[in-house]
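First residue of the sequence shown: 80, per this note's numbering; consecutive thereafter.
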Amino acid sequence: MMKPGEELIKEGIDDLAAGRETIPSLLVSIGAPRLRRLGLPIPETTFNSPERRLYLRLRAVNPDASHSQYNALIRRLVSFERAAECATIDIDLRFDPEFDELFRPGETNFVV
Numbered sequence: 080m081m082k083p084g085e086e087l088i089k090e091g092i093d094d095l096a097a098g099r100e101t102i103p104s105l106l107v108s109i110g111a112p113r114l115r116r117l118g119l120p121i122p123e124t125t126f127n128s129p130e131r132r133l134y135l136r137l138r139a140v141n142p143d144a145s146h147s148q149y150n151a152l153i154r155r156l157v158s159f160e161r162a163a164e165c166a167t168i169d170i171d172l173r174f175d176p177e178f179d180e181l182f183r184p185g186e187t188n189f190v191v
């Protein structure tokens, strides 16, 4: 199952690897630190000032909607990051024997 925004992130990673400055590659540049922590293959070289570059690119195409488009793209990035984190946590916990010991069916456990 695809995560929200996954197609945009994949396109951005490909564009970034090819050195293309596109809306998706700028978005990946913005999220690069967090995306790397999630294990995605983000190229070492990202664009400088990607937030400003993204906004200027959007403004060049549609000045009246650039602010709302920018915010919508950032929301898609954050949504993807959150979904990817949940998937990682879910996978990690499913195969953790300590987790299984803490949460046995029919028992109520609270971890503080």
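The beta-carbon is built from N, C-alpha and C at its ideal position, and this holds for glycine as well.
These figures come from a predicted structure and were not determined experimentally.
From residue i to residue j, what does the alpha carbon distance come to, in whole angstroms?
i: Arg155; j: Lys82; result: 10 Å
i: Asp143; j: Leu137; result: 10 Å
i: Asp93; j: Val140; result: 22 Å
i: Arg111; j: Ile121; result: Strictly speaking, residue 111 in this sequence is Ala, with Arg absent from that position. Spanning the two alpha carbons is a distance of roughly 7 Å.
i: Ala163; j: Ile153; result: 15 Å
i: Ser158; j: Tyr149; result: 14 Å
i: Ala166; j: Ala151; result: 22 Å
i: Ser145; j: Gly98; result: 24 Å
Given residue i, which residues of its chain have a CB within under 6 Å of its CB, disregarding the five upstream and five downstream residues?
i: Ser108; result: Thr125, Phe126, Pro129
i: Gly91; result: Pro103, Ser104, Leu106, Val107
i: Leu117; result: Ala163
i: Leu114; result: Ile121
i: Pro184; result: Bear in mind that a pLDDT of 48 at Pro184, under 50, signals an unreliable position, so the number given afterwards is only what the model happens to contain. For Pro184, where only same-chain residues beyond five positions count, there are no Cβ hits under 6 Å.
i: Gly84; result: Arg155, Ser158, Phe159
Have a look at the options and flag the residue whose alpha-carbon is nearest the alpha-carbon of residue i.
i: Ser147; options: Ser158, Glu86, Tyr134; result: Tyr134
i: Leu119; options: Gly98, Ile88, Val157; result: Ile88
i: Leu63; options: Tyr149, Glu123, Ser158; result: In the structure as shown, the chain begins at 80 and stops at 191. Residue 63 is therefore absent and cannot be evaluated.
With a cut-off of 8 Å on the beta carbons, I'd call residue i and residue j a contact; round off their distance for me.
i: Arg132; j: Glu160; result: Arg132 to Glu160, Cβ: 20 Å. No contact.
query = What alpha helix (DSSP H) runs, 4 residues minimum, are completely inside the segment 116-154?
reply = 129-140
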